[in-house]
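Structure first, commentary second.
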Amino acid sequence: MIKAAGVCFLLLTLALPGSVTEASPVKKQALKPPARAVHQHVMPTARLISETPESTHSAGREIDQSELRHLHPFVHDVVLIDVGHGGIDGGTSYGDILEKDINLAISRRLFMLLRKEGYHAVLNRDADYALSDDNRWHRSSSRHRRDLSQRKQLSSEIPTKLVVSVHVNWGKSASKRGGIVLHQSEGRSTLLAETIQEQLNLVYRSNNGIMVGKPYYLLNQTQVPAVIVETGFLSNMEDRKLLTSRNGQMRIAEAIADGIISYLTAL
């Protein structure tokens, strides 16, 4: 199992401003780029994005992922970690325990674990704010729609290998427990889901299976392999202990990281 990165290094990395954090390697309308900055060399988005896919489409020219390397400082395809909810959108809850905080804690750990292993990774938020606030290009009065489209958009603006969206589950029955991975109706996404699910089942000592996430916008709209990881049931007492403790959050993050690495190694 992957060991956790140093706490001091984690705090130093996460102290930088901006909504998008890049891990450097060790081993449905007029588009305007996201407002926040990219970590590593903190730079304005205007410098980050000199030309967007939508702007080239409007000019009558198609663009693909391979061309994005010429438009951005990301020279490698990245693992995009989508941190569920945030800001005004707390997600599911139990008392004063909010899903958005758990998602962020696990995603930060996942980011650092991938970084430690030499994989390029990006967080689409590294603090408690709503991604809909960054979306100034989708002309919709719905904050929820702006939030979803903003999450999808980043994967088309930077070279992205895969997307892992981190969430917490809730069940009508308190007996439901364990992680569940939702995937696209696509082979690579299915394989990614299987490798992550296998690791989560080890953590929870469960036998849960993956599921096709047919209704989910992010899975339907993202053009690269993507999964939604429901990291556990907040409605279940045992899961809740894991989801809210530092040790439990690290174990879950390690399981997701191990699944991602197994998937990338198998390709």
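Residue numbers (the numbering used here): 1 to 267. No residue lacks a Cβ here, since even glycine has one placed at the ideal position from N, Cα and C.
- The C-alpha of R125 is placed about 17 angstroms away from the C-alpha of L113.
- Taking 8 angstroms as the cut-off, the beta carbon of S165 is found closer than this to the beta carbon of A226.
- In the displayed model, E238 falls within a helix according to three-state DSSP.
- Y129 and G91 have their C-alpha atoms some 13 angstroms from each other.
- Assigned with DSSP and collapsed to three states, S175 falls in coil, not helix or strand.
- The beta-carbon separation of V212 and S185, rounded to 6 angstroms, stays under the 8 angstroms limit for a contact.
- Minimum Cα-Cα distance from N208 among the listed residues A193, P215, L218 corresponds to A193.
- Inclusion of S206 and G187 in the CB contact set at 8 angstroms is not warranted, their separation being larger than that value.
- Where I81 is concerned, the enclosing beta strand (DSSP E) starts and stops at 78-83.
- A Cβ-Cβ distance of about 5 angstroms is found for the pair K176 and F233, placing them in contact under the 8 angstroms criterion.
- The beta carbon of L200 sits closer than 6 angstroms to those of G179, A255, all from its chain and outside the five residues before and after it, given in chain order.
- Taking the Cα positions, R251 is about 28 angstroms away from P159.
- Within the DSSP bridge table, the entry for Y94 names I97 as partners.
- Under DSSP, M112 shares a beta bridge with no residue.
- Cβ-Cβ separation between I210 and L219: approximately 12 angstroms, too far for a contact (criterion under 8 angstroms).
- Its chain contains I102, A105, I106, R109, L242, L243 as the residues whose beta carbon lies nearer than 8 angstroms to that of Q249, once the 5 sequence neighbours on both sides are disregarded; these appear in chain order.
- Judged by DSSP in its simplified three-state form, E198 adopts helix.
- Under the three-state reduction of DSSP output, I260 falls in the helix class.
- In the structure shown, the three-state DSSP call for G248 is helix.
- About 6 angstroms separates the beta carbon of Y94 from that of R240, a gap short enough to meet the 8 angstroms contact definition.
- Between L182 and E230 the beta-carbon gap is near 7 angstroms, inside 8 angstroms, which marks them as a contact.
- Within the DSSP bridge table, the entry for N169 names F233 as partners.
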